[in-house]
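*Asks:* Sharing a structure here in structure tokens format.
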Amino acid sequence: MKIFNKAVFLDLNGTLVEPVQVNRLDELNIIPGSLESIAKLNNAGYLTPVITVQSRIAKGYFTSEEFYHWFKLFTERAEQQGAYLQGPYLCPHLVREKCKCAKPHTFLFNQAVDKLDIDLYKSYMIGDTPVDVFSAVNFGGRGCMVKTGWGHFRGNIEQVKLIADYIGDNLSDVVRWILEKNKQEL
Ligand SMILES: [Mg+2]
4 MKIFNKAVFL
14 DLNGTLVEPV
24 QVNRLDELNI
34 IPGSLESIAK
44 LNNAGYLTPV
54 ITVQSRIAKG
64 YFTSEEFYHW
74 FKLFTERAEQ
84 QGAYLQGPYL
94 CPHLVREKCK
104 CAKPHTFLFN
114 QAVDKLDIDL
124 YKSYMIGDTP
134 VDVFSAVNFG
144 GRGCMVKTGW
154 GHFRGNIEQV
164 KLIADYIGDN
174 LSDVVRWILE
184 KNKQEL
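Residue numbers (my numbering): 4 to 189.
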């Protein structure tokens, strides 16, 4: 019988790292506590694929190759703290291109499902914008928002209040909530 994995999909900018939009790849700062939180999810049996929109690639700030290289360095740093990220599942387009891969479409999530045998209904999405939460609604999982990045804007919180499963101060706070819920559901 095939075993399916549960996952906590993670947005990158504003959720794991600052700033919310990348202009230069050397200015990314890891939000305190992020790597430790990912390690906790991994220890509880969750895969942690990163789903990210980097429209600055379309704008010519940096190339997809340069972004992939940056992500590799980021994952190596994360692994030193026991945090294992998958991906990145990347949309490099502009919003106005109306591509099929940008969140809240489920295209990138389905790519991860095919590669990693994920059960979406047991999975979560965490991000700092309403589209991150809407993605979870679209794939049939649970959506959580962090108040880091764009998440501290009251308008964003208002938009997701009724559909988010949880809104937390930061990734550590949301992960604490997920792991508590996970314990109750075992
Ligand atoms: Mg974000």
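Ideal Cβ positions, reconstructed from N, Cα and C, are used throughout, including at glycine.
Kindly confirm or deny that the segment 67-87 and the segment 102-115 touch, where touching means at least three C-beta pairs closer than 8 angstroms.
*Replies:* Segments in contact, no.
*Asks:* So which residues put a beta carbon under 7 angstroms from any heavy atom of ligand 1, going in chain order?
*Replies:* Answer in sequence order: D14, L15, N16, G17, T18, V23, G130, D131, T132, D135, G152 and W153.
*Asks:* Can the beta-carbon of G85 be found less than 7 angstroms from the beta-carbon of A42?
*Replies:* In the sequence shown, residue 85 corresponds to position 82, counting from 1. In the sequence shown, residue 42 corresponds to position 39, counting from 1. Against a cut-off of 7 angstroms, the Cβ pair of A42 and G85 comes out as a contact.
*Asks:* Use the C-beta contact count for N159: other C-beta atoms within 10 angstroms, 16 or more gives buried, fewer gives exposed.
*Replies:* Here residue 159 corresponds to residue number 156 of the sequence shown, with the count starting at 1. Buried, since its Cβ has 16 or more Cβ neighbours within 10 Å.
*Asks:* Measuring only the C-alpha atoms, how far is V116 from H108?
*Replies:* Sequence index remark: in the sequence shown, residue 116 carries index 113 (1-based). Sequence index remark: in the sequence shown, residue 108 carries index 105 (1-based). So the alpha carbons of these two residues sit roughly 14 angstroms apart.
*Asks:* Which residues bound the beta strand (DSSP E) around L123?
*Replies:* As a position in the sequence shown, residue 123 is number 120, starting the count at 1. Counting along the chain, L123 falls outside any beta strand (DSSP E), and DSSP gives it neither H nor E.
*Asks:* Going by CA-CA distance only, name the one from E30, G48 and V56 that's closest to V134.
*Replies:* Locating residue 134 in the sequence shown gives position 131, counting from the first residue. Among E30, G48 and V56, the Cα nearest to that of V134 belongs to V56.
*Asks:* Comparing C-alpha positions only, which one of L174, T151, V140 and H155 sits nearest to D168?
*Replies:* Reading the sequence shown from its first residue, position 165 is the one you call residue 168. Nearest option by C-alpha distance: V140.
*Asks:* Could you check which residue in I6, G17, A47 and N8 has the C-alpha nearest to that of K186?
*Replies:* Here residue 186 is taken as the residue at index 183 of the sequence shown, counted from 1. That would be A47, whose Cα lies nearest to the Cα of K186.
*Asks:* Tell me which same chain residues have a C-beta within less than 6 angstroms of the C-beta of F7, skipping the five on either side of it?
*Replies:* Within the sequence shown, numbered from 1, the residue matching residue 7 stands at position 4. Contacts found: D120 and D122.
*Asks:* From N113 to D29, what distance separates their C-alpha atoms?
*Replies:* By one-based count along the sequence shown, residue 113 stands at place 110. By one-based count along the sequence shown, residue 29 stands at place 26. Distance between the alpha carbons of N113 and D29: 30 angstroms.
*Asks:* In terms of residues, what are the limits of the beta strand (DSSP E) holding A167?
*Replies:* Indexing the sequence shown from 1 puts residue 167 at position 164. It is not in any beta strand (DSSP E) - A167 carries neither H nor E in the DSSP assignment.
*Asks:* Do you know how far the Cα of P35 is from the Cα of G144?
*Replies:* Stepping through the sequence shown from its first residue, residue 144 is reached at position 141. Stepping through the sequence shown from its first residue, residue 35 is reached at position 32. So the two alpha carbons sit approximately 26 angstroms from each other.
*Asks:* With C-beta atoms as the reference, is V53 less than 7 angstroms away from L15?
*Replies:* Stepping through the sequence shown from its first residue, residue 53 is reached at position 50. Stepping through the sequence shown from its first residue, residue 15 is reached at position 12. Against a cut-off of 7 angstroms, the Cβ pair of L15 and V53 comes out as a contact.
*Asks:* Quick check on the burial criterion: 16 or more other C-beta atoms within 10 angstroms. Buried or exposed for L174?
*Replies:* Here residue 174 refers to the residue found at position 171 when the sequence shown is read from its first residue. Buried.
*Asks:* For a minimum of 4 consecutive residues, which ranges assigned as the alpha helix (DSSP H) are wholly contained in the segment 39-126?
*Replies:* Correct list: 58-61, 67-82 and 110-119.
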